[in-house]
Structures are given as structure tokens and as C-alpha cells.
Amino acid sequence: MAASTRAVIVICDSLRADLISPADTPFLVELAARSANFTAHRSVFPSTTRASSASIATGCHPARHGLLGNTMALDEGDGLVCRNVGAPDFRDRMRRATGRTLRVPTLAERLRWHNEHAIVLSNVSPGAAYFQDPDGYGWVYHAAGSYGPDGEIDDAPSRALNKGIAGDAAMTARFCSEILAERAPSLAVMWLSEPDYTGHHAPLGSPQHRRAIAAADANVRLVFETVRRLDPGGSEILFIAGSDHGMETVADSIDLDGVLVAAGLKDGRGSRDVVVAPQGTAATIFFSENARNRSGAVARCLAQQEWSGRVVADAELAAVSLPTDGALRVALSLAADDRVNPFGIRGHAGIVADPGDPESKVGFGQHGGLGRHEQHPFLMVAGGGFAPGERRRPSSLVDIAPTVLRHLRMDHDDMDGQALPPAAE
Ligand SMILES: [Zn+2]
């Protein structure tokens, strides 16, 4: 099929910009020289995959799109309960509790306004995959269930995928042949599970983690080579490769529920007055109507802890792009520091213990907060009129959607992000 104006996005989940190296990512090093390389690229907050996915899809921060992290408290009629956004049924819970999914349109929905479509292949959690296009304006393919404009699809290749190197490779092969070369949608998104999957289960910089990084690099190369084969001149297909966030090494685990109960600020574990939503190296805290007057006291209690980094409450939530009009009243990012792990990788932070995930994470990678390294994903843009060269001006995940829409000649002036500069600085 001949090239036409379209965009291709590949996300290497969790790949920190400073872990791009000639030894582990020879292709990304080459691409950095051939593309617009945004070296001051930033994550959103919480720097979790699911909130990041919604920000990439909508061009908006969580304050506007409404997906507040990897977990969030919902009141489905029986008081606030922390729910896992990654679960396949979370979209239905969110619709039940709030009447809708995201509060602003995704790229997939905007493309449908123009009778064009988006296809998403994702090998991360169901929630992170589905919030690329929660209402099925285009197609989303995932192991936990796939869907398109006409509803659910029984898709055997997706069902067979597992997170990790082999699953990512199988997904990439399909993305290149079936999606890019045959179906050729206006927007094609592929979200790799690596190096995030291995980074959560091995030390950063360990041989296993480096193998996962190298595998992601090889997959980006295959997609880029396919794009160049379909569009040798590079003018028609906008190619975007990046990550959603980085990682820090987990220093220790904090029992935030226990701290709040001991301080008399939460009635008990599992109580619905003050509800902690763990976000890895951060937490968001939701308050029932009757407990809302405790937000200031909770923020002061947290700010006094040695493991506390940044604490914001009430109106200050706007400073970290979180909403100020709902049950979320306090957000915490745990303290991060620049200590080096046994494999020479900088950056440690504590995590907030998650009662739903008791596995010890100490010594492995995690993210969610405002630490320097978890907030430093990479972003490279090639084709579509982007001149090669470093861009030092700060950019953000929310700038990706308007950049795609500008390339597709669609309106993009109602987002938090700005279309990225194609000309070299
Ligand atoms: Zn992620």
C-alpha cells in the first residue's frame, strides 16, 4: 500500500532516557542522531503507565482527562473504595461511578470525527491498553480482550501474548506486517511491555534488565525500518518513539494506611473515610464528604515524615496537574535521592505499600512519583517534516497528541499540550 499521511507511535514502557546507550540500544542511539531528539522530555504525575496512557491519548494531564493513576478511589454507591485501574473491568466501574470514562476525547475519537481510525496494540496491563481508546472508536488489541467500533473481537493472536521479551517480539511482527503494511490506519500505536516488565522484577541495570532494554530497541528498529520501507522519503509518515516514564530503584516500602490510622486520621484499615490509592513511588489520597476537613491534617502529617518528598493538598493539587474538584484532596511523592544501585544506576525512592500487591519490590525498579529519573522518559520524532537535532526545550507526554493531530491536519488547540517544534533549534 502506498504511504499516505499517517502517524506511528511506539512506546517502550519505562525506558529511562539515560539508559539509552550504544551497548544496549544501538538503534535508539542511531535514531537520536537521525531524528528530533527531545532531551528535556517529562512524564505526567502520577508517573504511572495508566495515567500516562490517557495523557498520551488525550494530550491532557490527569486534571482534565480524569484518570488519576494506576489505582484510584471510586464510589460505586457504597462509599469510596480503591480500585485497580489495570483490571479489565475498570472502565465499566468508572462509567458506573462517574457516568463516563475519560472526560476529554482521545486521538481515536478525534480521528473518528474525520472518518479515520486508530489501531492500538498493547502488551502492558489491560487498563493501560484500554485507556488509549476506552470507548472503542478505533481498535484496541490486548491479551485480556480486544475490541473495535462494532464491539468485542475474538482475537487469537492477542490472547496468546504474554508480557515480556517474547510477547513484545510477536506483537511487533504483527504490528509491522498486518497493521502498518496492510491495514495502514491514520494512527497506529504499539505499546511494548519492556523494559518495564523486567524492570519491576530485577534490579535496574542488571543483565536481565539490559536484555529487556535491548529487546525493546530491536523492536523499535523493526517498526522504523517498516515505516521507511512504506515511506522512503519520510514526509508522509510521522514516526514517534518514546517512553511513558522512567524508574527509580525501590529503597523501602511505606505502610501509608498504617501511618494514617496510627495518627488518628483514618478510621481503620479498609475504612472508606480516607482512602489511599498507591501509585508506586507516590500516593493519591481520597476523602469522603464527611472526612474532607481532614485533608490539611493529613498533608501536615505526611510532610513531617522523613520518607516524604512533595506533599500537595486541596488547591495546591493544580500545581501537579491533578484535579481540585473531587474526592482526591492530597497527593504525595516519596523522597527520591541519587544513590547508585549495585549495577551503577542512579536514583532511589521509597514506595507506598499496596495491599493488593504484597510482593516485595525492594531493590527493583518502580515509578509513579516526581523523582528525577522516573520523570525522564525519552522522545524521538522522525519524518513528517521534523528536522534532526536535539530539542532542549522542555516537552511532555501531553505534547504527543497535538503533534499527531497537526500532522494529520486536524484541530489540536484544545489540549494541555502543544504540537512539538519541527524545526531544529
Ligand atoms: Zn509505564
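Our numbering applies: residue 149 is where the sequence shown begins, and numbers increase by one.
Virtual Cβ for every residue (Gly too), placed ideally from N, Cα, C.
Residue i classed as buried or exposed, judged by whether at least 16 other C-beta atoms fall within 10 angstroms
i	result
M149	With a pLDDT of 42 at M149, under the threshold of 50, the predicted position of this residue should be treated as unreliable, though the coordinate-derived value follows. Classification of M149: exposed, given that the 10 Å Cβ count is below 16.
N438	exposed
G532	buried
H521	buried
R307	exposed
P426	buried
D485	exposed
W287	buried
V192	buried
S334	buried
L259	buried
N367	buried
S325	exposed
H262	exposed
Q523	buried
S152	exposed
S443	buried
N185	buried
N581	Lying before the first or after the last residue shown, residue 581 is absent from the chain, which here runs from 149 to 573.
Local conformation of residue i per DSSP, three classes
i	result
L340	strand
R541	coil
Q356	helix
H496	strand
I402	strand
A150	Note that A150 scores 43 on pLDDT, short of 50, meaning its location in the model is unreliable; the coordinates nonetheless yield the value given after this. Here A150 sits in coil by DSSP.
H189	strand
G323	It is worth fixing the name first, because residue 323 is Phe in this sequence and not Gly. In this structure, F323 counts as helix in the three-state DSSP scheme.
L568	coil
V375	helix
L386	strand
L518	coil
A184	strand
S200	helix
S270	strand
I159	strand
L255	helix
I301	strand
D485	strand
E396	strand
G284	coil
R164	strand
F534	strand
A276	helix
G296	strand
G513	strand
L527	strand
Contacts around residue i, its chain only, beta-carbon distance under 6 Å, and the 5 residues preceding and following it disregarded
i	result
R358	D172
V575	Residue coverage of the chain in this structure runs from 149 to 573, which leaves residue 575 outside it and unanswerable.
V375	V156, I385 and F387
Cβ separation of residue i and residue j, assumed to be a contact under 8 Å, to the nearest whole Å
i	j	result
I402	L482	7 Å
S162	M395	5 Å
A430	L404	Going by Cβ atoms, the distance from A430 to L404 rounds to 10 Å, so no, they are not a contact pair.
D316	N271	6 Å
R198	V233	4 Å
L470	L216	7 Å
S341	P525	Contact flag wrong, Cβ pair sits at about 15 Å.
F434	L228	5 Å
A155	I388	7 Å
R331	P305	Not a contact, Cβ separation roughly 14 Å.
G428	Q566	Rounded, the Cβ-Cβ distance is 28 Å, inconsistent with contact.
Y345	K311	4 Å
A256	Q280	7 Å
P550	H560	4 Å
Contact set for residue i: own chain, Cβ-Cβ below 7 Å, skip 5 residues either direction
i	result
R458	S481 and L518
A140	Limits of the chain in this structure are 149 at one end and 573 at the other, which puts residue 140 out of reach.
G495	E396, T397, A484, D486, G519, R520 and H521
V446	L408, L413, V422, I433 and V478
I301	S294 and Y295
E224	R241, R244 and A245
G504	N232
H213	A202, S203, T206, L250, R251 and V252
L352	M395, T397, N489, F491, I493 and G513
H349	F512
M558	R258 and H262
R369	F175
Close Cβ partners of residue i (< 8 Å) along its chain, the five nearest in sequence each way excluded
i	result
R540	T187, A188 and E573
V177	I168, S169 and P170
G347	S162, H357, A360, M395, F512 and G513
Residue-chain proximity (residue i, chain C), Cβ-Cβ < 7 Å
i	result
G275	Absent from the structure: chain C. Only one protein chain is present.
#### Entry: Whole runs of the alpha helix (DSSP H) within the segment 414-475, excluding any shorter than 4 residues
As far as the segment 414-475 is concerned, its whole alpha helix (DSSP H) runs of at least 4 residues are 443-451.
### Query
Curious, which full-length alpha helix (DSSP H) runs of at least 4 residues does the segment 205-249 contain?
List check, alpha helix (DSSP H) in window: 210-213 and 238-246.
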